[in-house]
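J.: Below: one structure in structure tokens.
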Amino acid sequence: MKGIEDKLSHQFQARKQAQQKDQYQEGYKQEVLEVMQQPSEETQYKQLFKQSLLAQLGISDEKDSSKEAKKEAEAEKVSVEKQLKQETLQEKEQRVAKMKEYEQKHSFDKVYKLKKEALQELKEINLTDSQREKLTKLEKVLDTEKKDHDKQKKKREIRKWIHKIFCTE
Numbered sequence: 001m002k003g004i005e006d007k008l009s010h011q012f013q014a015r016k017q018a019q020q021k022d023q024y025q026e027g028y029k030q031e032v033l034e035v036m037q038q039p040s041e042e043t044q045y046k047q048l049f050k051q052s053l054l055a056q057l058g059i060s061d062e063k064d065s066s067k068e069a070k071k072e073a074e075a076e077k078v079s080v081e082k083q084l085k086q087e088t089l090q091e092k093e094q095r096v097a098k099m100k101e102y103e104q105k106h107s108f109d110k111v112y113k114l115k116k117e118a119l120q121e122l123k124e125i126n127l128t129d130s131q132r133e134k135l136t137k138l139e140k141v142l143d144t145e146k147k148d149h150d151k152q153k154k155k156r157e158i159r160k161w162i163h164k165i166f167c168t169e
């Protein structure tokens, strides 16, 4: 009798462990799928930066760069501008706050890379000459910031190197 109880107990424990394993695997699979479906921080930052650039260019959305949208926008220009200004004040503050938070968490080089990618993506949409010129100026400002950052970084590295040589001996 004891042998049968042990055998049944063992079978029960084995089934219970298999069920727990299956439940764990399913739960883990769901977590991974949820994480994969959420846009990454990088993607979110790049989208926020693109929105910022579009706002600076006077475009409320990428789709607005089409010819039809431009005609519609001209027809409703006054009311749309007022609406955009109201939205921009609130949304801009949120966008800027989220961008600054991301910039504080990540390296300058990573942020620069994302900004550069966003600029390249915006260059591919239909822009007016003045918008394209403005975008080019913004890109030059970004490149200048990068050069300045690299110079400062190099100076810090040289100072550390000199300090290490002369102060540790």
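If you're matching positions, the sequence shown starts at 1 in UniProt numbering and goes up one per residue.
Cβ atoms here follow ideal geometry from the backbone N, Cα and C, with glycine treated the same way.
From which residue to which residue does the alpha helix (DSSP H) around residue 52 run?
T.: Counting from one through the sequence shown, the residue named residue 52 turns up at place 52. Looking at the DSSP string, the run of the alpha helix (DSSP H) that includes residue 52 is 41 to 57.
J.: On the CB-based measure, 16 or more other CB atoms within 10 Å of its CB, does residue 46 come out buried or exposed?
T.: As a first step, residue 46 must be located in the sequence shown, where it is residue number 46. So residue 46 counts as buried.
J.: Output yes or no for whether 9 Å exceeds the beta carbon distance between residue 120 and residue 57.
T.: Position 120 of the sequence shown, counted from the start, is the residue given in the question as residue 120. Position 57 of the sequence shown, counted from the start, is the residue given in the question as residue 57. For the 9 Å CB-CB criterion, residue 120 and residue 57 do not form a contact.
J.: Taking just the CA atoms, how far does residue 155 sit from residue 165?
T.: Against the sequence shown, residue 165 aligns to sequence position 165. Against the sequence shown, residue 155 aligns to sequence position 155. So the alpha carbons of these two residues sit roughly 15 Å apart.
J.: By the DSSP assignment, the alpha helix (DSSP H) with residue 173 in it spans what residues?
T.: Because the chain here runs from 1 to 169, residue 173 falls outside it and cannot be looked at.
J.: Going along the chain, which unbroken runs of the alpha helix (DSSP H) with 4 or more residues stay wholly within the UniProt region "Disordered" (1 to 23)?
T.: Correct list: empty.
J.: Could you tell me the alpha carbon to alpha carbon distance between residue 124 and residue 43, rounded to whole angstroms?
T.: Stepping through the sequence shown from its first residue, residue 124 is reached at position 124. Stepping through the sequence shown from its first residue, residue 43 is reached at position 43. Straight-line Cα distance between these residues: approximately 18 Å.
J.: Quick check: what's the CA-CA separation for residue 128 versus residue 96?
T.: Walking along the sequence shown from the start, residue 128 turns up at place 128. Walking along the sequence shown from the start, residue 96 turns up at place 96. If you take the alpha carbons of residue 128 and residue 96, they lie about 26 Å apart.
J.: Can you tell me whether residue 104 is buried or exposed, with buried defined as 16 or more other CB within 10 angstroms of its CB?
T.: On the sequence shown, position 104 is the one that residue 104 refers to. With a 10 Å radius around the Cβ and a threshold of 16 neighbouring Cβ atoms, residue 104 comes out exposed.
J.: For residue 75, count the other beta carbons within 10 Å of its own beta carbon; 16 or more makes it buried, fewer makes it exposed. Which is it?
T.: The residue labelled residue 75 in the question sits at position 75 within the sequence shown. Low confidence applies here, because residue 75 scores a pLDDT of 49, under 50, leaving its location unreliable; read the following figure in that light. Label assigned to residue 75: exposed.
J.: By a C-beta neighbour count over all protein chains shown, 10 Å radius and 16 as the cutoff for buried, is residue 89 buried or exposed?
T.: Position 89 of the sequence shown, counted from the first residue, corresponds to residue 89. Taking a 10 Å sphere around the C-beta of residue 89, we find fewer than 16 other C-beta atoms and assign the residue as exposed.
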